[in-house]
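First comes the structure, then the notes that go with it.
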Amino acid sequence: MEQNVTEQKKRIFSGVQPSGNITLGNYLGAIKNWVSLQDDYECIFAMMDLHTITVRQTPAELRKRTLELLALYIACGIDPEKCTLFIQSHNSAHAELAWVLNCYTYMGELQRMTQFKDKSARHADNINAGLFTYPVLMASDILLYQTDLVPVGKDQMQHIEICRDIAQRFNALYGDVFKIPEGLLVKSGAKIMSLQEPTKKMSKSDPNPKSFISMMDDFNVISKKIKSAVTDSEGIIEYRPDDENKAGINNLLSIMAVVTGSTPEDVAKNFSGEGYGTFKSAVADAVVDTIRPIREEYDRLIKDKAYLQQIYKNGAESSHRLAQRTLKKVYKKVGFIVD
Ligand code: TRP
Numbered sequence: 000m001e002q003n004v005t006e007q008k009k010r011i012f013s014g015v016q017p018s019g020n021i022t023l024g025n026y027l028g029a030i031k032n033w034v035s036l037q038d039d040y041e042c043i044f045a046m047m048d049l050h051t052i053t054v055r056q057t058p059a060e061l062r063k064r065t066l067e068l069l070a071l072y073i074a075c076g077i078d079p080e081k082c083t084l085f086i087q088s089h090n091s092a093h094a095e096l097a098w099v100l101n102c103y104t105y106m107g108e109l110q111r112m113t114q115f116k117d118k119s120a121r122h123a124d125n126i127n128a129g130l131f132t133y134p135v136l137m138a139s140d141i142l143l144y145q146t147d148l149v150p151v152g153k154d155q156m157q158h159i160e161i162c163r164d165i166a167q168r169f170n171a172l173y174g175d176v177f178k179i180p181e182g183l184l185v186k187s188g189a190k191i192m193s194l195q196e197p198t199k200k201m202s203k204s205d206p207n208p209k210s211f212i213s214m215m216d217d218f219n220v221i222s223k224k225i226k227s228a229v230t231d232s233e234g235i236i237e238y239r240p241d242d243e244n245k246a247g248i249n250n251l252l253s254i255m256a257v258v259t260g261s262t263p264e265d266v267a268k269n270f271s272g273e274g275y276g277t278f279k280s281a282v283a284d285a286v287v288d289t290i291r292p293i294r295e296e297y298d299r300l301i302k303d304k305a306y307l308q309q310i311y312k313n314g315a316e317s318s319h320r321l322a323q324r325t326l327k328k329v330y331k332k333v334g335f336i337v338d
């Protein structure tokens, strides 16, 4: 009976690239959300190291960050007993399926991807083929596991669309090989913006460190960053999501709302009539209170290399087992000799 219930759970797949410091935005917008999904779904979360090398990385840094990301996932509440946690490069099926699906994806489709256009503008000296076929690797990540749902931010929705297109094209040729996945948009209240340019998403690759809060920042640094967040000169605490001039205050209200489990409107009500200084201090304290227990757990875990290794080795094994079923099917369909 127990067994049956487990088998019927829908499957979720998602991941983060270990390419920079994980920000408060990643936590509130993605990882925190995953924690609440792990009881109702069969969850697979990965450290997307293959994707990160589409942009130059320092090897030692990449290795370090991959392990840090794993420790952080667990510190945030992702339970390795309930979920599969693995490192993408540990399961060769991702690269193998990506090769096959490259042959079922058109240049024109990839040329239209906004992330490719953005990244090639930002890294004009290194517009490599991997950057171009990034969405095919991402489609492979998802399709290998017959995934039902992919929790992602709005900026990744175009990648989910192309994944579905590729899967449908393949299925039309060969029968039902892939489950057609759906994107699961995280709640809009959790979209955290840059503290310095609040009309832009908070990003770990932003060159200005004052624009984002890293989950690894010292608590006094976090406090300072929030206190120096860009606001406006109106001096009124009100939530006006459609008013660009209010982008800074809206963002601080959203942050406060997510960390205290409230709504931006209610937070604004509680602080109406207060000065920005008082409000910012309260936001800073609430954010530090949210991050503190995660950091304490993280600091303990990152020292326990043997434990982390055991988690990612187990993860590699189970992800391999699941992925091979799909990969074998694909190989057979396209005409490779299997067994
Ligand atoms: N492209 C995603 C990002 O930058 C990371 C990613 C890679 C991913 N493969 C994935 C997310 C598969 C979800 C599913 O955020």
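Under numbering that gives the first Met the number 0, think of the first position of the sequence shown as 0, with each following residue one higher.
No residue lacks a Cβ here, since even glycine has one placed at the ideal position from N, Cα and C.
This one's a predicted model, so the numbers in the text were calculated from it and none came from an experiment.
| query | result |
| --- | --- |
| Residue nearest to residue 24 in terms of C-alpha spacing, selected from 194, 124, 10, 306 | 194 |
| Local Cβ density within 10 Å of residue 256, reported as buried at 16 or more and exposed below that | buried |
| CB of residue 83 within 8 Å of CB of residue 317, strictly | yes |
| Segment contact flag, the segment 165-178 with the segment 195-204, C-beta cutoff 8 Å, min 3 pairs | no |
| Closer than 7 Å: residue 12 CB and nearest the ligand TRP heavy atom | yes |
| Outcome for residue 232 when other beta-carbon atoms lying within 10 angstroms are tallied against a minimum of 16 | exposed |
| Spatially closest choice to residue 216 from 297, 309, 61, by CA coordinates | 297 |
| Limits of the unbroken alpha helix (DSSP H) element including residue 273 | Counting along the chain, residue 273 falls outside any alpha helix (DSSP H), and DSSP gives it neither H nor E. |
| Residues sharing a beta bridge with residue 184, DSSP | 151 |
| Separation of residue 234 from residue 266, as counted between CA atoms | 16 Å |
| The ligand TRP heavy atom lying under 7 Å from the CB of residue 339 | Because residue 339 is not part of the residues shown, which for the chain are 0 to 338, the question remains open. |
| Nearest-angstrom Cβ-Cβ length linking residue 119 and residue 130, presumed shorter than 8 Å | 6 Å |
| Proximal residues to residue 329 (C-beta, below 7 Å), its chain only, five neighbours per side dropped | 96, 99, 176 |
| For residue 42, the first and last residue of its enclosing beta strand (DSSP E) | 41-46 |
| DSSP state of residue 11 mapped onto helix, strand, coil | strand |
| contact_flag[the segment 46-65, the segment 286-294] where n(CB pairs < 8 Å) is 3 or more | no |
| Residue(s) in a DSSP beta bridge with residue 200 | 192 |
| Member of 152, 207, 90, 111 whose CA lies at the smallest distance from the CA of residue 133 | 111 |
| Residue burial classification, residue 85 (beta-carbon count within 10 angstroms, cutoff 16) | buried |
| Top-ranked residue by Cα proximity to residue 227, from 140, 248, 68, 244 | 248 |
| Residue 336 to residue 50 span [Cα, whole Å] | 29 Å |
| Proximity test, residue 151 beta-carbon vs the ligand TRP heavy atom, cut-off 7 Å | yes |
| Exposure label - residue 263; buried when at least 16 CB within 10 Å | buried |
| Any non-hydrogen atom of the ligand TRP within 7 Å of residue 158 CB | yes |
| Inside the segment 31-115 only - alpha helix (DSSP H) runs reaching at least 4 residues | 31-36, 48-51, 58-74, 92-101, 106-110 |
| Secondary structure of residue 325, DSSP reduced to three states | helix |
| Range of the contiguous alpha helix (DSSP H) that encloses residue 131 | 128-142 |
| Bridge partner(s) assigned by DSSP for residue 22 | 213 |
| For residue 158, the first and last residue of its enclosing alpha helix (DSSP H) | 156-173 |
| At least three beta-carbon pairs within less than 8 Å, the segment 296-311 to the segment 269-283 | no |
| Residue 335 in three-state terms, based on DSSP | coil |
| Which of helix, strand or coil DSSP assigns to residue 229 | coil |
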